[in-house]
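**Q**
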Amino acid sequence: MNPLKELRDQIQGEFPSAKIETTEPAHGDGIWWLDVTLGTKTVTVDWHSNRGFGISDTLQVGYGEGPDEKFASIADTKRRLLSLLGSNEKPAPPLQYLLGRLRERMGLTQGELARRLNVTQATVSGIERRGDVQLSTLARVINALNGALEVYAVFADARYKIVLPGSAHEPIDDIVRDPIPFSRREGGNAFTCLEKTGQMSRARDRQKRILQEHSIMAT
Amino acid sequence: MLLDFTDPPSKGERLSEVWRRLHGTGPFSMANEALARFCEILNAVEDELSGISKDLAAAKAGNTGGRMYPPDEMFQIDRDHPLITSYRQTGHITRFGKNGSIEVAKKFGDVEFYLAGTDGRTVSDLLQEKTNESP
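Here the protein sequences line up with chains A and B, keeping their order. Our numbering puts the first sequence at residues 121 to 339. Our numbering puts the second sequence at residues 433 to 567.
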């Protein structure tokens with residue numbers, strides 16, 4: 121059986137409610153397409169005998185570009201496709217193409233992003249074309265695009281979040297630590313003070329994030 | 433060079449330039465002519481504005497490197513409409529009518545560009561004719 125049809129059957133088996141559309145090539149050596157829609161999310165898979173599988177964001181802005189991600193086997197393609205369909209993650213091309221795409225998605229020119237970063241347009245151009253960027257630089261660029269960079273060390277049995285210096289997501293200990301005793305500074309009990317300063321709300325959000333991360337790890 | 437960008441143009445701006453030049457060059461009278469001019473114009477705009485060299489071998493392998501490429505035989509789909517040749521690329525379907533008409537539509541969205549053939553008929557008109565002919 122054609123590998124793309126095999127993948128289609130496997131995905132349909134796992135997600136009976138998924139809407140799957142197959143597009144056949146006009147010629148024997150052409151590209152096959154699979155558009156998989158689950159809920160509001162659509163991911164496009166392509167397959168060609170010489171280049172294997174590709175996964176792309178169907179709604180990408182450009183025209184006539186290759187797949188965002190490439191895979192050799194049905195198993196790897198399926199694993200990635202299921203992961204994308206089950207989350208809000210989008211397929212991502214290599215770093216040297218990703219940053220420009222994210223900037224364009226935000227409707228920013230290189231010059232406008234440069235002004236946000238307080239650097240020159242040439243610097244932004246250089247960063248976007250590099251495949252290897254310092255984490256601190258990457259974090260600044262992502263922050264300037266109104267996002268946050270998160271880095272994980274992933275192992276077979278667990279993953280660990282790496283908290284970057286200057287990250288907006290401080291460890292929970294740092295959020296609740298306060299050198300001034302609450303009763304002396306504000307009066308009243310400590311929880312009231314934490315609520316007033318917003319620290320309790322931040323701690324709750326952080327707790328929720330940790331629980332979500334652990335629930336992902338457990339699956 | 434008609435554009436004056438202080439920043440490198442985005443893909444959206446480059447595509448708009450392709451549409452502008454096609455409107456200025458057409459209409460065309462045959463599908464082959466329309467396809468050839470479409471490819472020529474898209475390649476010219478990318479050569480001038482993308483800053484990314486054309487690498488057909490890499491593109492065939494799926495590594496387009498941020499440059500936009502026109503369709504070729506590898507992307508051809510649909511053999512069932514006698515008046516239209518269609519090409520599927522990741523997010524778009526490009527149709528060329530036998531009368532030289534062109535239509536570029538998002539796979540899941542609106543028509544982004546269309547140009548009628550020299551006889552005044554669009555791809556949409558040709559599709560409608562087929563539908564009307566059906567019993």
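For every residue, glycine included, the Cβ atom is placed at its ideal position computed from N, Cα and C.
Is the stretch 442–462 of chain B in contact with the stretch 548–555 of chain B, if contact means three or more CB pairs nearer than 8 angstroms?
**A** With the cut-off at 8 angstroms, the stretch 442–462 of chain B and the stretch 548–555 of chain B touch.
**Q** In chain A, which residues lie less than 9 angstroms from B/N531 when you measure between Cβ atoms?
**A** On the second sequence, position 99 is the one that residue 531 of chain B refers to. Correct list: empty, because the minimum Cβ distance to chain A is about 20 angstroms.
**Q** Locate the alpha helix (DSSP H) running through B/F470, then write down its first and last residues.
**A** For the purposes of this step, residue 470 of chain B is taken as residue 38 along the second sequence, with counting starting at 1. First-last of the alpha helix (DSSP H) with B/F470: A463 to L481.
**Q** Go to A/L154, then tell me how far its beta strand (DSSP E) extends in each direction, as first and last residue.
**A** Taking the first residue of the first sequence as 1, we reach residue 154 of chain A at position 34. Start and end: W152 to L158.
**Q** May I ask you to list the residues that DSSP assigns as paired with B/Q560?
**A** If you number the second sequence from 1, residue 560 of chain B lands on position 128. BP columns for B/Q560 are empty, so no partner.
**Q** First and last residue of the alpha helix (DSSP H) that includes A/I262?
**A** On the first sequence, residue 262 of chain A is found 142 positions in, with the first residue counted as 1. Segment L255 to A264, the alpha helix (DSSP H) holding A/I262.
**Q** Grab me the residues of A/R128's own chain with a C-beta within less than 7 angstroms of its C-beta, minus the 5 sequence neighbours each way, in chain order.
**A** The residue given as residue 128 of chain A occupies position 8 in the first sequence. Around A/R128: I140, T142 and L154.
**Q** List, from N- to C-terminal side, the beta strand (DSSP E) runs of 3 residues or more that fit wholly inside the stretch 141–210 of chain A.
**A** Qualifying beta strand (DSSP E) stretches, in chain order: 152–158, 161–168, 172–177 and 189–191.
**Q** Within a Cβ cutoff of 7 angstroms, which residues of the same chain sit near B/P502, ignoring the five residues on either side of it in sequence?
**A** On the second sequence, residue 502 of chain B is found 70 positions in, with the first residue counted as 1. Once the five neighbours on either side are set aside, the close Cβ partners of B/P502 are F470, C471, L474 and N475.
**Q** Given a cut-off of 7 angstroms, decide if B/V543 and B/H524 are closer than it, judged by their beta-carbon atoms.
**A** One-based indexing of the second sequence puts residue 524 of chain B at position 92. One-based indexing of the second sequence puts residue 543 of chain B at position 111. In this structure, B/V543 does not lie closer than 7 angstroms to B/H524 by Cβ.
**Q** What is the DSSP secondary structure of A/A268, reduced to helix, strand or coil?
**A** Here residue 268 of chain A corresponds to residue number 148 of the first sequence, with the count starting at 1. Correct three-state label for A/A268: coil.
**Q** With a cut-off of 8 angstroms on the beta carbons, I'd call A/T178 and A/T162 a contact; round off their distance for me.
**A** Mapped onto the first sequence, residue 178 of chain A falls at position 58. Mapped onto the first sequence, residue 162 of chain A falls at position 42. Indeed, because the Cβ distance is near 5 angstroms, the residues count as touching under 8 angstroms.
**Q** To the nearest angstrom, how far is the alpha carbon of A/T229 from that of B/P441?
**A** On the first sequence, residue 229 of chain A is found 109 positions in, with the first residue counted as 1. On the second sequence, residue 441 of chain B is found 9 positions in, with the first residue counted as 1. Distance between the alpha carbons of A/T229 and B/P441: 8 angstroms.
**Q** Chain B beta carbons: is any one of them nearer than 7 angstroms to that of A/R250?
**A** Your numbering for residue 250 of chain A matches position 130 in the first sequence. So no, A/R250 is outside the interface.
**Q** One question on the structure: do A/L233 and A/R223 come within less than 7 angstroms of each other, judged by their Cβ atoms?
**A** Counting from 1 along the first sequence, the entry for residue 233 of chain A is found at position 113. Counting from 1 along the first sequence, the entry for residue 223 of chain A is found at position 103. Yes, the pair counts as a contact, with Cβ atoms nearer than the cut-off.
**Q** Determine the burial state of A/E134: buried for a count of at least 16 other Cβ atoms within 10 Å of its Cβ, exposed for fewer.
**A** Translated into the one-based positions of the first sequence, residue 134 of chain A becomes position 14. Its Cβ having fewer than 16 others within 10 Å, A/E134 is exposed.
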